[in-house]
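Engineer: Using the working numbering, count along the sequence shown one by one with no gaps and you end on 264.
Built from N, CA and C at the ideal position, the CB exists for glycine as well.
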Amino acid sequence: NVLEKEIKNQAKERIKNTLKFYDNLKVGLLPKIEQPKVDDNQIVIKDERFYQEEDKFWPRVTWITSFYPMPEGLKRFLGNAESFEKAEEIKEAGGLRGKNVHQGIQDLISGQTLLYSDFSETEWKMLESFEQWKIDFNPTFVQVEQFVKSEDFNYAGRYDCLALINNLFYLIDWKTSQVIGNNFWGQISAYIQTIFEKNKDHALITPAVLRLGTRHKKGYEFAIGEKPWEEYFTEFLSAKHFWEVEHKDTKP
């Protein structure tokens, strides 16, 4: 019993120190701005492929992961479209839906009340499934919409959520897609790598994807990474290699 209490106390202390570490990282939050403008203390988005910090441009993680092979399920889905133009419309509509749902989730986490009229029926169902997931897993939200960058591998991005669930840290990406692709795991691992670079002891994080609006009984799929994040990151670096072949010298 004494040993068990000591282990629990050590675990609580480790979580406390890790939470303090993440709280200090919040100084790197990406400011929310309506129009791009230059400021010494601000991250600016001028080109969707890059983040700009003062005079330095950081390739976006999601641009790099676009060099992953397209998931077979998505290939079939888009391949069944009436035409190339129709397939592009589907992708564009999916992107807009994802943006609206992400903003809705961010507002819910911050305690705001959403209006049904601001969302489509599909988007609202996705937000309802997010609320159901919160009830089921009771997460503690440590960070949301956090800007991060890798000095070692030269990229930047913004992850959706770092949460504490049952005394374990999860870096979670909200998804509204039809399938969970390998590129998602590469994306999340790239974000965890940025934390690893700052402090290896606080990178004990499990990658996870919350896919919303699914046909599952509760309307969502909460997928946990089947491999350590370091293995997914190795795959991310493979995609980055192909990105560099085409875009190493690309500027905004």
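#1: To the nearest angstrom, report how far apart threonine 216 and leucine 176 are at their CA atoms.
#2: Taking only three categories from DSSP, how would you classify glutamate 65?
#3: I'd like to check one pair, valine 73 with glutamine 167: are the Cβ atoms closer than 7 Å?
#4: Give the C-beta separation of arginine 323 and threonine 226 to the nearest angstrom, bearing in mind that I take them to be a contact with Cβ-Cβ under 8 Å.
#5: Counting Cβ pairs, one atom from each stretch, are 3 or more of them under 8 Å apart for the segment 156-175 and the segment 131-144?
#6: Only counting the same chain, and skipping five residues up and downstream in sequence, which positions put a Cβ closer than 7 Å to that of phenylalanine 79?
#7: My understanding is that histidine 114 touches tryptophan 186, with C-beta atoms under 8 Å, so please give their C-beta distance in whole angstroms.
#8: Alpha carbon to alpha carbon, how far is leucine 174 from glutamate 247? Give it in angstroms, no decimals.
#9: Exposed or buried, isoleucine 147, counting other C-beta atoms within 10 Å across all chains shown (16 or more means buried)?
#10: At a cut-off of 6 Å, would you count cysteine 173 as near the ligand MG, judging by its Cβ distance to the nearest heavy atom?
#11: When the Cα atoms are used, what is the spatial distance from glutamate 157 to methionine 82?
#12: Please report how far the alpha carbon of glutamate 133 lies from the alpha carbon of aspartate 172, in whole angstroms.
#13: Take every Cβ of the segment 187-206, pair it with every Cβ of the segment 226-246, and state whether three or more of those distances are shorter than 8 Å.
#14: In three-state terms, what does DSSP make of isoleucine 192?
#15: How long is the line joining the alpha carbons of serine 262 and proline 151, rounded to whole angstroms?
#16: By the DSSP assignment, the beta strand (DSSP E) with phenylalanine 234 in it spans what residues?
#17: Taking the Cβ atom as the reference point for each residue, do valine 257 and threonine 206 lie within a distance shorter than 7 Å?
#18: I'd like the span of the alpha helix (DSSP H) that includes tyrosine 244, first residue to last.
#19: Is the separation between the beta-carbon of leucine 127 and that of glycine 116 shorter than 7 Å?
#20: Compute the beta-carbon to beta-carbon distance between threonine 218 and isoleucine 236, rounded to the nearest angstrom, for a pair I have assumed lies under 8 Å.
#21: Over the uninterrupted alpha helix (DSSP H) stretch that includes threonine 226, give me the two end residues.
#22: In angstroms, rounded to a whole number, what distance separates the CA positions of threonine 77 and asparagine 178?
#23: Compare the Cα-Cα distances from lysine 229 to each of Trp197, Pro240, Lys210, Lys137 and report the closest residue.
#24: Can you name the residues that DSSP bridges to alanine 175?
#25: Give the straight-line distance between the Cα atoms of aspartate 67 and glycine 123, rounded to the nearest whole angstrom.
#26: Going by DSSP, what residue range makes up the alpha helix (DSSP H) through threonine 74?
Structural biologist: Reading off the structure:
#1: Counting from 1 along the sequence shown, the entry for residue 216 is found at position 204. Counting from 1 along the sequence shown, the entry for residue 176 is found at position 164. It should be pointed out that residue 216 corresponds to leucine in this sequence rather than to threonine. Between leucine 216 and leucine 176, the C-alpha separation is close to 12 Å.
#2: Counted from its first residue, the sequence shown places residue 65 at position 53. Here DSSP, grouped into helix, strand and coil, assigns glutamate 65 to strand.
#3: As a first step, residue 167 must be located in the sequence shown, where it is residue number 155. As a first step, residue 73 must be located in the sequence shown, where it is residue number 61. The residue asked about is misnamed: residue 167 is tyrosine in this sequence, not glutamine. Contact: yes.
#4: Past the boundaries of the shown model lies residue 323; the chain is included only from 13 to 264, so the question cannot be answered.
#5: Segments in contact, no.
#6: Counting from one through the sequence shown, the residue named residue 79 turns up at place 67. Closer than 7 Å at Cβ, skipping near neighbours: Ala251, Phe254, Trp255.
#7: What you label residue 114 is simply residue 102 of the sequence shown in a count that begins at 1. What you label residue 186 is simply residue 174 of the sequence shown in a count that begins at 1. Confirmed, Cβ separation roughly 6 Å.
#8: Stepping through the sequence shown from its first residue, residue 247 is reached at position 235. Stepping through the sequence shown from its first residue, residue 174 is reached at position 162. In a straight line, the C-alpha of glutamate 247 is about 22 Å away from that of leucine 174.
#9: Position 135 of the sequence shown, counted from the first residue, corresponds to residue 147. Counting every other CB atom within 10 Å of its CB across the protein chains shown gives isoleucine 147 a total below 16, marking it as exposed.
#10: This structure lacks the ligand MG; in fact it carries no ligand of any kind.
#11: Within the sequence shown, residue 157 is the residue found at index 145, counting from 1. Within the sequence shown, residue 82 is the residue found at index 70, counting from 1. So the two alpha carbons sit approximately 25 Å from each other.
#12: To locate residue 133, count along the sequence shown from 1; it is residue 121. To locate residue 172, count along the sequence shown from 1; it is residue 160. Approximately 23 Å, taken between the alpha carbons.
#13: Output reads yes: the segment 226-246 touches the segment 187-206.
#14: As a working note, residue 192 is residue 180 in the sequence shown. Per DSSP, reduced to three states, the secondary structure at isoleucine 192 is coil, with no helix or strand assignment.
#15: Along the sequence shown, one-based indexing puts residue 262 at 250. Along the sequence shown, one-based indexing puts residue 151 at 139. With the sequence shown as reference, residue 262 is identified as threonine, and serine is not the correct amino acid for it. Roughly 40 Å between the two C-alpha positions.
#16: Reading the sequence shown from its first residue, position 222 is the one you call residue 234. Per DSSP, phenylalanine 234 belongs to the beta strand (DSSP E) from 232-236.
#17: Position 245 of the sequence shown, counted from the start, is the residue given in the question as residue 257. Position 194 of the sequence shown, counted from the start, is the residue given in the question as residue 206. Result no, Cβ atoms of valine 257 and threonine 206 do not sit closer than 7 Å.
#18: Residue 244 sits at position 232 when you count from the first residue of the sequence shown. Tyrosine 244 -> alpha helix (DSSP H) spans 241-259.
#19: Your numbering for residue 127 matches position 115 in the sequence shown. Your numbering for residue 116 matches position 104 in the sequence shown. For the 7 Å CB-CB criterion, leucine 127 and glycine 116 do not form a contact.
#20: For the purposes of this step, residue 218 is taken as residue 206 along the sequence shown, with counting starting at 1. For the purposes of this step, residue 236 is taken as residue 224 along the sequence shown, with counting starting at 1. With a Cβ gap of about 6 Å, threonine 218 and isoleucine 236 count as contacting.
#21: Taking the first residue of the sequence shown as 1, we reach residue 226 at position 214. For threonine 226, no alpha helix (DSSP H) run applies, since DSSP gives it neither H nor E.
#22: The residue labelled residue 77 in the question sits at position 65 within the sequence shown. The residue labelled residue 178 in the question sits at position 166 within the sequence shown. Between threonine 77 and asparagine 178, the C-alpha separation is close to 30 Å.
#23: For the purposes of this step, residue 229 is taken as residue 217 along the sequence shown, with counting starting at 1. Nearest of Trp197, Pro240, Lys210, Lys137 to lysine 229, Cα basis: Lys137.
#24: Position 163 of the sequence shown, counting from 1, holds the residue named residue 175. BP columns for alanine 175 point to Phe153, Tyr182.
#25: Counted from its first residue, the sequence shown places residue 67 at position 55. Counted from its first residue, the sequence shown places residue 123 at position 111. Cα to Cα, the separation comes out at about 36 Å.
#26: In the sequence shown, counting from the first residue as 1, residue 74 sits at position 62. Note, threonine 74: alpha helix (DSSP H), 73-77.
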